[in-house]
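Here the structure comes first, spelled out in structure tokens, and everything after it is commentary.
Structure, rendered in structure tokens:
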């Protein structure tokens, strides 16, 4: 039988060849229709497959799992069942959707109840985020930010090539795509002014990142190696680490980013499994100097994913302002997770670990306005010839991510947030 | 009728006059006996009052609350009921325990079922920590750490007197008193060595702090003022922000503390309510320059609490190594909470906000070994004449905290953790 990632698989559901959600993807999310309670679903073409209904109908009975895990507002209970279970569910869903399987295809009543059009559904934050860490794994971005924000003579901190630099972020303010974000207020210190002022940020920025969700816990005091990390990785999401640069600049010394970040971060609604991304694994850049043994990895731990950032100003078409790829990140996700646990820190199901801004080597591949406009010195020109350094009220930032090979597109959907005025 | 804080209140339970848990305290915690499920209790003298049993017996029926909130492994569901409810429960418990109330006193069967000796009970982490922020609100400690860890010429960062400096910490690794902690491993850069090494920390330290627990949520995008913060404060705990100084020193630039902290933090098991601490409110130090309006507070927002740190080496008596008081902290807890929400960041029930190391102005009042031994240059001498700069395996650190006035002692019990060898 064809495996779930085989490019030759086809479903009995009509799916556009340009869809980011072919039968080879099957990302997990949480959705609701109308007043219905949120439940777990899988994206397929323009539809969502309702796993809650399939579970109630006994279609997962052979997998020996409690189907109530799909009748939940978050994926956490499902992913806590462990990697063999995620895989078994994805494989089972793949089989149910194939054009040669009749279980749903030939049961019009069931089909009507288990398939929802995405346009009719509301998508929710898919995971209750237990803990959130933001790394800064792009050498290009770390160098750019060091040049712009810190000491141009020593742009890269001495530790940067020895460990994946990161910090703990705020979990409560992580929202799903579609959530509008009020311009945050905060303390800023304007050049030349002797005292700080409290005001809406004048330097509202995005950060293009990829995040991964953990699907297993560890006990406090234990560590996992970078190679063991594979068993703890459930899936990836697009991540926007919304940032207020003026607030960040004033508060950041000596203890790191705080309120310049915690007003909001955003994730895409569909969690794309590592299994679906398996065909898109690539080698990362050579790490030199060699990493310490606990950070060594074997095999391809990077992913070839085309990432795009669009800016849409009010009453204007959206404009592509950056294009990059996480394959160039210096540190891979296994190394991030191994580093997080290297001191015995315990993982929890539903932790989110983000890559930090993903910037390529060319100016049109930078993952933040701080870098794209070189701290405001090179404004972006919009279709109506107005310009942007940082974001204005009413602007929308849209991230898209898609991996493509052999005619199969594995996408993340979009991550979209609009900026509302300060309250 | 006498109020719950009246020094003249007495209980029908025999309580030693030196107890930290008189009828005027009534701190909330979570405990279990044997194989019993954890439940909510209140400390009184040498006993714990089982609120789960009292709820089942209908003794809270007049309060119009779901007594099942006491049949939980964490306080969160109870404190989510809001400040009027915490107060009503504390007042009701106070009445039930007074020597002139017969409801439990004259019911031997109920008394037997609702009173547990503390020595027979296991105390659990009282709160499921939703989010954790560590501030650094002691001017003396911030100055000391600046001198030792950063730039002696600019010990205090330029922002320090304008905002309560803080960072997001790791919630998953917060443990309750009594939990032993394995010496963490991590990357350290030894002076003179060209490359970092991965090894057990050689600079394991404690940080004496006070933490507060939030009892109400806010919506993302909204802020609360420092004066409004009173309605969001459930209670205080002792907090040990365990730190590995060599790991911290190497990793901290540019994004702040990370694995040097996240291997473990610890809290005391009893949450002392703000209501019980009301008689111990005092004015804090004058803040100059004046704070911005969103950080202004009226009235006394500091607390007069005697804090003590003991070090117990293996086979030796414990030694008092520091004594200080949070009344001298520069920033108060209302300002911390207002600052946290000033950018619209949402609060959740069960958030923990810690003060940062509490150091007084004298060297015997410093709240960490980094400061007490001045980064190892002034070792502490133990009873057997051995010395400590940082902690050795088998050492135990004990925090105690107690407020005392008019013969009433409102205590936190103790926060105790033993250091085990690295695994």
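Residue numbers (the UniProt record's numbering), protein chains in the order written: chain V, 1 to 423; chain X, 1 to 423.
For each residue, glycine too, the CB sits at the ideal point set by N, CA and C.
Just so it is clear, the structure is predicted and the values come from calculations on it, not from any experiment.
According to DSSP, is residue 320/X part of a helix, a strand, or is it coil? Residue 320/X falls in the strand class under three-state DSSP.
Taking only beta-carbon positions, decide if residue 259/V is within less than 7 Å of chain X. True, the Cβ-Cβ gap to chain X drops below 7 Å.
Spatial neighbours of residue 257/V within its chain, please: CB distance less than 7 Å, with the 5 preceding and 5 following residues excluded, ordered by chain position. Excluding residues within five positions, the ones whose Cβ falls inside 7 Å are 167 and 248.
Would you mind giving the Cβ-Cβ distance between residue 221/V and residue 182/X, rounded to the nearest angstrom? I have them listed as a contact below 8 Å. About 4 Å; that satisfies the 8 Å criterion.
Inter-residue spacing [alpha-carbon to alpha-carbon] between residue 48/V and residue 226/V: Their backbone Cα atoms lie some 34 Å apart in a straight line.
Could you list which residues in chain V have their beta carbon closer than 7 Å to that of residue 385/X, in chain order? Under the 7 Å cutoff, chain V gives no residues; its nearest Cβ is about 32 Å from residue 385/X.
For residue 167/V and chain X, any beta-carbon pair shorter than 7 Å? Output row for residue 167/V: interface = yes.
Can you pull the chain X neighbours of residue 131/V, defined as C-beta to C-beta under 7 Å? Result: 170, 171 and 172.
Quick one: using the 10 Å Cβ neighbour count with 16 as the cut-off for buried, is residue 332/X buried or exposed? Flag for residue 332/X reads buried.
Secondary structure at residue 43/V, three-state DSSP: helix, strand or coil? Here residue 43/V sits in strand by DSSP.
Can you look up residue 278/V in the DSSP assignment and give me helix, strand or coil? Reduced to three states, the DSSP call for residue 278/V is helix.
CB contact check: residue 2/V to chain X, cutoff 7 Å: Not an interface residue.
Identify every run of the beta strand (DSSP E) within the UniProt domain "Fumarylacetoacetase N-terminal" (24-126) of chain V, keeping only runs that are complete inside it and at least 3 residues long; order them along the chain. Taken in chain order, the whole beta strand (DSSP E) runs of length 3 or more contained in the UniProt domain "Fumarylacetoacetase N-terminal" (24-126) of chain V are 28-32, 39-44, 47-50, 115-117 and 122-124.
Unbroken beta strand (DSSP E) runs of length 3 or more, entirely within the stretch 367-404 of chain X: which are they? Segments of the beta strand (DSSP E) lying fully in the stretch 367-404 of chain X: there are none.
According to DSSP, is residue 187/X helix, strand or coil? Strand at residue 187/X.
Looking at the C-beta of residue 124/X, does it have a partner C-beta in chain V at a distance below 7 Å? So, not an interface residue.
Pull out every residue of the stretch 246-258 of chain V whose Cβ sits closer than 9 Å to any Cβ of chain X, in chain order. Against chain X - using a Cβ distance shorter than 9 Å - the residues of the stretch 246-258 of chain V are 247, 250, 251, 252, 253, 254, 255, 256, 257 and 258.
Report the CB separation of residue 329/V from residue 367/V in whole angstroms; it is logged as a contact under 8 Å. By a beta-carbon distance limit of 8 Å, residue 329/V does not contact residue 367/V. Their separation comes to about 11 Å.
What residue from 73/V, 50/V and 82/V has the CA that sits closest to residue 64/V's CA? 82/V is the residue among 73/V, 50/V and 82/V whose C-alpha sits nearest the C-alpha of residue 64/V.
Quick one: grab the DSSP three-state call for residue 232/X. In the structure shown, residue 232/X falls within a helical segment according to DSSP collapsed to helix, strand and coil.
Starting from the beta carbon of residue 334/X, find every residue of chain V whose beta carbon is closer than 8 Å, and list them in chain order. Residues of chain V passing the Cβ test: none, with the nearest at roughly 16 Å.
At the level of alpha carbons, what is the spacing between residue 93/V and residue 115/V? When only Cα atoms are considered, residue 93/V and residue 115/V end up about 13 Å apart.
CB residue 359/X to CB residue 138/X, shorter than 7 Å? The answer is yes: Cβ separation under 7 Å.
Under 8 Å by Cβ, that's how I've got residue 342/V and residue 294/V pegged, so tell me the actual separation to the nearest angstrom. A Cβ-Cβ separation of about 6 Å places residue 342/V in contact with residue 294/V under the 8 Å criterion.
Looking at residue 238/V: is its Cβ nearer than 7 Å to the Cβ of residue 212/V? In this structure, residue 238/V keeps its C-beta atom at 7 Å or more from the C-beta atom of residue 212/V.
Determine contact between the stretch 367-384 of chain V and the stretch 125-144 of chain V, defined as no fewer than three beta-carbon pairs at a distance below 8 Å. Proximity of the stretch 367-384 of chain V to the stretch 125-144 of chain V meets the contact definition, three or more beta-carbon pairs being nearer than 8 Å.
Of the residues 178/V, 201/V, 28/V and 174/V, which one's Cα is nearest the Cα of residue 128/V? Taking residue 128/V as reference, the option from 178/V, 201/V, 28/V and 174/V with the minimal CA-CA separation is 174/V.
From which residue to which residue does the beta strand (DSSP E) around residue 354/X run? Counting along the chain, the beta strand (DSSP E) containing residue 354/X begins and ends at 352-354.
Ignore the nearest five residues each way along the sequence and tell me which others in residue 76/X's own chain have a CB closer than 7 Å to its CB. Setting aside the 5 residues that flank it on each side, residue 76/X is surrounded in the same chain by 127, 128, 349 and 350, each with a C-beta closer than 7 Å to its C-beta; the list follows chain order.
Quick check on this structure: which residue in 18/X, 17/X and 23/X has the alpha carbon closest to the alpha carbon of residue 6/X? Residue 6/X has its Cα closest to that of 23/X, out of 18/X, 17/X and 23/X.
The alpha helix (DSSP H) enclosing residue 144/X, as first and last residue numbers: Here the alpha helix (DSSP H) through residue 144/X covers 139-149.
Within chain X, partners of residue 198/V - CB distance below 8 Å: One finds 292, 293, 294 and 342 in chain X with Cβ atoms closer than 8 Å to the Cβ of residue 198/V, taken in chain order.
Determine the direct distance from the alpha carbon of residue 361/V to that of residue 310/V, and round the result to whole angstroms. Between the alpha carbons of residue 310/V and residue 361/V lies a distance of about 19 Å.
Can you give the beta carbon distance from residue 73/X to residue 124/X, rounded, assuming they're within the 8 Å contact cut? Rounded to the nearest angstrom, the Cβ distance from residue 73/X to residue 124/X is 7 Å, consistent with a contact under 8 Å.
Quick check on residue 243/V: buried or exposed, where buried means 16 or more other Cβ atoms within 10 Å of its Cβ? A residue is called buried when at least 16 other Cβ atoms come within 10 angstroms of its Cβ; residue 243/V meets this threshold and is buried.
Would you check if the distance between the CB atom of residue 55/X and the CB atom of residue 67/X is smaller than 7 Å? Between residue 55/X and residue 67/X, the gap from beta carbon to beta carbon is short of 7 Å.
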